[in-house]
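**Student:** Shown below is the structure under consideration.
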Amino acid sequence: MQSYTIGQAARLLGVSPDTARRWADAGRVATYRDDTGRRLIDGADLAAFSVELAQAGSPEEGAASYTSARNAFPGIVTAIKLGDVAAQVEIQAGPHRLVSLLTREAVEELGLEVGMEATARVKSTNVHIDRV
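Counting in numbering that gives the first Met the number 0, the sequence shown runs from 0 upward without gaps.
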């Protein structure tokens with residue numbers, strides 16, 4: 000499972016590193032230390048926390064919209080539903096929840112898992128997923 004530093008988690012959640020650090024210090028999201036002493040957050044824990052934040056609905060300090068000329072939404076994979084042929088992937092990108100329908104083969108080729116960093120790219124009514 001992928002893990003994230005406090006800074007990476009902050010970027011994915013759309014807040015400042017100080018805010019993410021305060022949340023970790025307050026026990027809102029679990030952290031652990033690697034061999035070098037860095038605090039890390041397990042990807043699945045970060046995915047669950049990002050959904051919890053989004054459902055709370057209140058804008059947090061430093062929250063930013065993830066829109067650009069290229070309509071890229073960097074975030075974290077929060078759910079994957081695999082069918083025989085098709086798949087549904089959900090990404091929490093700061094306050095935005097994006098859902099993409101794609102082939103099961105594409106999900107498997109990208110190696111997507113819950114808790115993994117990914118970028119949703121939106122063009123018209125299509126959402127494309129890039130593994131980061």
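In this text, a Cβ means the ideal position worked out from N, Cα and C, and glycines have one as well. All figures in this text were calculated on a predicted structure; none of them were measured in a lab.
(1) Can the beta-carbon of A117 be found less than 7 Å from the beta-carbon of V76?
(2) With 16 as the cutoff for other CB atoms within 10 Å, does G110 come out buried or exposed?
(3) What number of angstroms, rounded off, separates the C-alpha of T4 from the C-alpha of A19?
(4) Mapping the DSSP letters down to three states, classify A117 as helix, strand or coil.
(5) When burial is assigned at 16 or more other CB atoms within 10 Å of the CB, is T30 buried or exposed?
(6) Count the CB pairs spanning the stretch 21 to 28 and the stretch 94 to 109 that are closer than 8 Å, and state whether there are at least three.
(7) Would you tell me roughly how many angstroms separate the C-alpha atoms of A71 and D17, rounded to the nearest one?
(8) If you reduce the DSSP assignment to three classes, tell me which class R88 lands in.
(9) In the DSSP assignment, what are the bridge partners of I128?
(10) Contact check, V113 vs I79 under 8 Å by CB: the rounded distance?
(11) Are M115 and Q7 closer than 7 Å when you measure CB to CB?
(12) For A55, count neighbouring Cβ atoms within 10 angstroms of its own Cβ and tell me buried if that reaches 16, exposed if not.
(13) Let me check one thing: in DSSP terms, what residues is D41 bridge-paired to?
**Tutor:** The relevant details are as follows:
(1) Taking the sequence shown and counting its residues from 1, the one referred to as residue 117 is at position 118. Taking the sequence shown and counting its residues from 1, the one referred to as residue 76 is at position 77. Contact: yes.
(2) Residue mapping note: residue 110 aligns to position 111 of the sequence shown, counting from 1. By the neighbour-count rule (16 or more Cβ atoms within 10 Å), G110 is not buried but exposed.
(3) By 1-based counting over the sequence shown, the position of residue 4 is 5. By 1-based counting over the sequence shown, the position of residue 19 is 20. Cα to Cα, T4 sits roughly 10 Å from A19.
(4) If you number the sequence shown from 1, residue 117 lands on position 118. Of the three classes helix, strand and coil, the one that applies to A117 here is strand, per DSSP.
(5) Numbered from its first residue, the sequence shown carries residue 30 at position 31. That one is buried.
(6) no
(7) To locate residue 71, count along the sequence shown from 1; it is residue 72. To locate residue 17, count along the sequence shown from 1; it is residue 18. The straight-line gap from Cα to Cα measures roughly 24 Å.
(8) The residue given as residue 88 occupies position 89 in the sequence shown. The amino acid occupying residue 88 in the given sequence is Val; Arg does not appear at that position. Of the three classes helix, strand and coil, the one that applies to V88 here is strand, per DSSP.
(9) Counting from 1 along the sequence shown, the entry for residue 128 is found at position 129. Answer is A119.
(10) Translated into the one-based positions of the sequence shown, residue 113 becomes position 114. Translated into the one-based positions of the sequence shown, residue 79 becomes position 80. With 8 Å as the limit, V113 and I79 qualify as a contact, their Cβ atoms being about 6 Å apart.
(11) For the purposes of this step, residue 115 is taken as the residue at position 116 of the sequence shown. For the purposes of this step, residue 7 is taken as the residue at position 8 of the sequence shown. Taking 7 Å as the Cβ cut-off, M115 and Q7 do not qualify as a contacting pair.
(12) Counted from its first residue, the sequence shown places residue 55 at position 56. By the Cβ-count criterion, A55 is exposed, with fewer than 16 other Cβ atoms from all chains shown falling within 10 Å of its own Cβ.
(13) Here the question's residue 41 lines up with position 42 in the sequence shown. DSSP output for D41 lists S2 as bridge partner(s).
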